[in-house]
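Enquirer: I have a structure I would like to understand better, so I am pasting it below and will then ask my questions one at a time.
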Amino acid sequence: MNNVVRRQGASAIPVNSEGKILLQLRDDRPDLLYPNCWTTLGGGVEDGETFDQAIRRELLEEIELELPVKLWRVDESIIEIHGHQFHVENAIYAARIDLPISVIKLNEGQRLGYFGLDDLSTLQIGYNYEPTFREFFAALKGGILPL
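In the numbering used here, each residue's number is its place in the sequence shown (first place is 1) plus 1.
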């Protein structure tokens, strides 16, 4: 793994009282990975930040909200982007949100949406998150999420 660059990220999957998750539609720009795809809120961990600090910062930057978050799990993967390999460690947080989309200020991306398990097959999902979302819904249904 000598030529592999390490990156850390933090993602939030907010869930409302109806059991639907809040996703963000990424901007449709060619310079972005997964343009025009649905994904989590979140982003990269900055130097000196913990995962907890990063997700709180990202939520403030992206939707201007301080949500109660709890770590669900940390995923690790090796991905290739433009010929470079990255070892990505991504902390995924569960969060509670009970606000209508109309009152959430979106600073990044095209729009927000609440989605249930049955909606996933109709969405273009980025970062190969569909299996993660399905596992999240299963954990939610099984009562094992830390919410």
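Positions of the beta carbon are idealized from the N, C-alpha and C atoms, including for glycine.
Return the CA-CA distance between Leu121 and Cys38, expressed in angstroms with no decimal places.
Expert: 12 Å
Enquirer: Using the C-alpha atoms, what's the distance from Ile14 back to Leu34?
Expert: 19 Å
Enquirer: For my contact list, Asn17 and Asp99 are in at a C-beta cut-off of 8 Å; report their separation, rounded to the angstrom.
Expert: 5 Å
Enquirer: Just the C-alpha distance for Gly144 and Ala92, rounded to the nearest angstrom, thanks.
Expert: So the alpha carbons of these two residues sit roughly 20 Å apart.
Enquirer: Check whether the Cβ atoms of Glu77 and Asn108 sit closer than 9 Å, and answer yes or no.
Expert: no
Enquirer: Since Leu141 is in the beta strand (DSSP E), which residue starts that stretch and which ends it?
Expert: That residue, Leu141, is in no beta strand (DSSP E); its alpha helix (DSSP H) goes 131–142.
Enquirer: I'd like to know whether the C-beta atoms of Arg8 and Gly45 end up nearer to each other than 9 Å.
Expert: The Cβ atoms of Arg8 and Gly45 sit closer than 9 Å to each other.
Enquirer: If you draw a straight line from the alpha carbon of Arg30 to that of Gln111, how long is it in whole angstroms?
Expert: 11 Å
Enquirer: Closest to Tyr115 by C-alpha separation, out of Asp32, Ile80, Thr40, Ser12, would be which residue?
Expert: Thr40
Enquirer: Going by DSSP, what residue range makes up the beta strand (DSSP E) through Arg8?
Expert: 6–16
Enquirer: Report the CB separation of His83 from Val5 in whole angstroms; it is logged as a contact under 8 Å.
Expert: 14 Å between Cβ atoms; not a contact.
Enquirer: Measuring alpha carbon to alpha carbon, tell me which residue in Arg74, Thr51, Leu113 is nearest Glu63.
Expert: Leu113
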